[in-house]
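Undergrad: One structure is given below, represented as structure tokens, and several questions about it will come after.
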Amino acid sequence: MKKAKINKKKVLLFLVFPLIIIVSAILLFFYFKSKELIVEYETEMKVSLGTEASILDGIQIKNGRIKTEDVELDTSKIGKQEVTFQVEDEFGNRKEYKREIIIVDTESPKIEFKEKIEVSYCAEVDLLKDVKATDNSNEEIKVEVEGDYDTCKTGEQELYYIARDSSGNETKEKFILIVKEKEVAPKPSVPNVMPDKTFTTSKGFKGETKNGMTYIDGYLIANKTYSLPSTYNPGGLTAETTDAATKMFAAAELEGLPHMWAQSGFRSYTTQSSLYNNYVARDGKAAADTYSARPGHSEHQTGLAFDVCATGYACITSGFNGTTPANWLSKNAYKYGFILRYPQGKTNETGYVYESWHFRYVGTELAEKLYNNGDWITMENYFGIDSVYSY
Ligand SMILES: [Zn+2]
605 MKKAKINKKK VLLFLVFPLI IIVSAILLFF YFKSKELIVE YETEMKVSLG
655 TEASILDGIQ IKNGRIKTED VELDTSKIGK QEVTFQVEDE FGNRKEYKRE
705 IIIVDTESPK IEFKEKIEVS YCAEVDLLKD VKATDNSNEE IKVEVEGDYD
755 TCKTGEQELY YIARDSSGNE TKEKFILIVK EKEVAPKPSV PNVMPDKTFT
805 TSKGFKGETK NGMTYIDGYL IANKTYSLPS TYNPGGLTAE TTDAATKMFA
855 AAELEGLPHM WAQSGFRSYT TQSSLYNNYV ARDGKAAADT YSARPGHSEH
905 QTGLAFDVCA TGYACITSGF NGTTPANWLS KNAYKYGFIL RYPQGKTNET
955 GYVYESWHFR YVGTELAEKL YNNGDWITME NYFGIDSVYS Y
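The sequence shown begins at 605 in this note's numbering and counts up by one.
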């Protein structure tokens, strides 16, 4: 009996006690398991350039709390940053976690551009002239044109501007290149061949038009009113013009002036015609008329006029105005029979702007009168005629 009692106690001791330990261990296991720290987060966090974000964004914690101060991220530049944060569990144990923050640019550049670009037929065109691209990355964005185009093909051509940032974000914008119709080459201006007639000018001079040429008081006139026929061709500067010019230039050199010469002398009707029509094609008729004579209206066709150039000075441009050789010519040309044909401030009379280099041979008698002691009078004013295109 006694033996049995002992056995019962032993059974209790050997069976129940371990059971309690096992149960306790299981309970403890589940207890600690329920208190286990769980930290879930993206180890690589992508953040868009320029957006607001903090290092702790998107971290999920069970059974613990973050012990790191929340820090705002600098998202102004593309790149990687490594950050750490600490988490404390329910039992006061701290653990450090690493996280890589990647600042990425997901925004495409913006392109400022014209939707339609119009160009002349076969003209050169810079399609990137008025194009600007900007990006949130603040980097310089290059724009490229996609598509083939040909400005010698009239009509609309569909093209694209493409802008890419360094993160590979791309913007594509459509634009239209419009090539205008080929301008029909302007018809050469043909002056009316002036009918034969005699007349008296407003200043009482006798005028005569014969075979398309007009003489007033015996002087051949070529201006915007009075034309020369296309057939008129003296073949060069007249002998008296050349002789007088040679004398004038020699005299100038003797007085210590630079070497001067007639750079542009006789110009045939045909030459003037192609010259003028090229200007018209380039600048339009209205503009061309301000600086170039229509064929038949150029004084250079008379063989009596030339443009002077001087060594070391601007040649046949306003840069010659007021120079030493220009001033000398203005004061002395009359002595050799030349007139300053287009004086300053007389555009409304001559129809041309001031040309300090253009001289016309008229002989010393008339030249001295027009010189007028240095205050040049125009042929138009002196004779009482005008210089205006009638067509
Ligand atoms: Zn000239």
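Cβ coordinates follow ideal geometry from the N, Cα and C atoms, glycine included.
What ranges does the beta strand (DSSP E) occupy inside the segment 721–788, keeping only unbroken runs of at least 3 residues that lie completely in it?
TA: Listed in chain order, the complete beta strand (DSSP E) runs (minimum 3 residues) inside the segment 721–788 are 736–738, 747–750, 759–768, 774–783.
Undergrad: Would you tell me roughly how many angstroms separate the C-alpha atoms of Tyr873 and Asn827, rounded to the nearest one?
TA: Taking the straight line joining both Cα atoms gives about 14 Å.
Undergrad: So what does DSSP say about Ser572, is it helix, strand or coil?
TA: A question about residue 572 goes unanswered here, because the residues of the chain that appear run from 605 up to 995.
Undergrad: Do Ala767 and ligand 1 come close, with the Cβ less than 7 Å from some heavy atom?
TA: Ala767 Cβ: outside cutoff for every heavy atom of ligand 1.
Undergrad: Please report the distance separating the alpha-carbon of Glu719 from that of His863.
TA: Glu719 and His863: Cα-Cα distance of roughly 56 Å.
Undergrad: Say yes only if the C-beta of Ser878 is nearer than 7 Å to one or more non-hydrogen atoms of ligand 1, and no if none qualify.
TA: Answer for Ser878: no, Cβ out of range of ligand 1.
Undergrad: With a threshold of 16 other CB atoms inside 10 Å of the CB of Asp734, please say whether the residue is buried or exposed.
TA: Exposed: under 16 other Cβ atoms inside 10 Å.
Undergrad: Write down every uninterrupted run of the alpha helix (DSSP H) in the segment 835–876 whose length is 4 residues or greater and which is fully enclosed by it, in chain order.
TA: Whole alpha helix (DSSP H) segments, 4+ residues: 843–858.
Undergrad: Tell me, please, which residues DSSP counts as bridged to Met817.
TA: Answer is Lys814, bridged to Met817.
Undergrad: Please report the straight-line C-alpha distance between Val957 and Thr951, rounded to a whole angstrom.
TA: Their backbone Cα atoms lie some 5 Å apart in a straight line.
Undergrad: My assumption, with CB atoms under 8 Å, is that Thr829 sits in contact with Ile715. Please give the rounded CB distance.
TA: Wrong, their Cβ atoms sit about 55 Å apart, outside the cutoff.
Undergrad: With respect to 7 Å, is the separation between the Cβ of His901 and the closest non-hydrogen atom of ligand 1 below this value?
TA: Outside the cutoff, so no.
Undergrad: For the beta strand (DSSP E) containing Glu716, name the first residue and the last one.
TA: Run containing Glu716: 714–716, per the beta strand (DSSP E) assignment.
Undergrad: Would you kindly work out how many angstroms separate the C-alpha atoms of Tyr993 and Trp865, rounded to a whole number?
TA: Distance between the alpha carbons of Tyr993 and Trp865: 31 Å.
Undergrad: When every heavy atom of ligand 1 is checked, does at least one fall within less than 7 Å of the C-beta of Ala826?
TA: Not under cutoff, so the answer is no.
Undergrad: Taking 7 Å as the line, does the beta carbon of Asp893 fall inside it for any heavy atom of ligand 1?
TA: Asp893: no, Cβ never under 7 Å from ligand 1.
Undergrad: Counting C-beta neighbours from all protein chains within 10 Å, is the total for Ile705 16 or more, i.e. buried, or is it exposed?
TA: Burial call: buried.
Undergrad: Considering only the beta carbon of each residue, do Val708 and Ser652 sit closer than 8 Å?
TA: Contact: yes.
Undergrad: If distances are taken between C-alpha atoms only, which option among Asp739, Ile943, Glu959 comes closest to Ser680?
TA: Among Asp739, Ile943, Glu959, the Cα nearest to that of Ser680 is on Asp739.
Undergrad: DSSP has Met649 in a bridge; who is on the other side?
TA: Answer by DSSP bridge pairing, in chain order: Ile705.
Undergrad: Check whether the segment 719–732 touches the segment 695–705, taking contact to mean three or more Cβ pairs, one atom from each stretch, closer than 8 Å.
TA: No, they do not touch.
Undergrad: Hey, quick one: how far does the alpha helix (DSSP H) through Thr710 stretch, first residue to last?
TA: Neither: Thr710 is in no alpha helix (DSSP H) and is coded neither H nor E.
Undergrad: On the CB-based measure, 16 or more other CB atoms within 10 Å of its CB, does Leu616 come out buried or exposed?
TA: Classification of Leu616: exposed, given that the 10 Å Cβ count is below 16.
Undergrad: Taking buried to mean at least 16 other C-beta atoms within 10 Å of its own C-beta, is Met605 buried or exposed?
TA: Here Met605 scores only 48 on pLDDT, less than 50, and its place in the model is too uncertain to base an answer on.
Undergrad: For Met605, name the three-state secondary structure that DSSP assigns.
TA: Any reading at Met605 needs caution, since the residue's pLDDT is 48, under 50, leaving its predicted position unreliable; the model's value is listed next. Correct three-state label for Met605: coil.
Undergrad: If you measure from each CB to the nearest heavy atom of ligand 1 and keep those under 5 Å, what residues do you get, in chain order?
TA: Chain-ordered list of matching residues: Asp911, His962.
Undergrad: Within a Cβ cutoff of 6 Å, which residues of the same chain sit near Lys1020, ignoring the five residues on either side of it in sequence?
TA: With the chain covering only 605 through 995, there is no way to say anything about residue 1020.
Undergrad: Compare the beta carbon distance of Ala909 and Arg945 with 8 Å and say whether it is the shorter of the two.
TA: Yes; because the gap between Cβ atoms is below 8 Å, this pair is in contact.
Undergrad: Is it true that the segment 969–984 meets the segment 802–816, where meeting means three or more beta-carbon pairs spaced less than 8 Å apart?
TA: The segment 969–984 vs the segment 802–816: no contact.
Undergrad: At the level of alpha carbons, what is the spacing between Gln867 and Thr805?
TA: Computed Cα separation, rounded: 34 Å.
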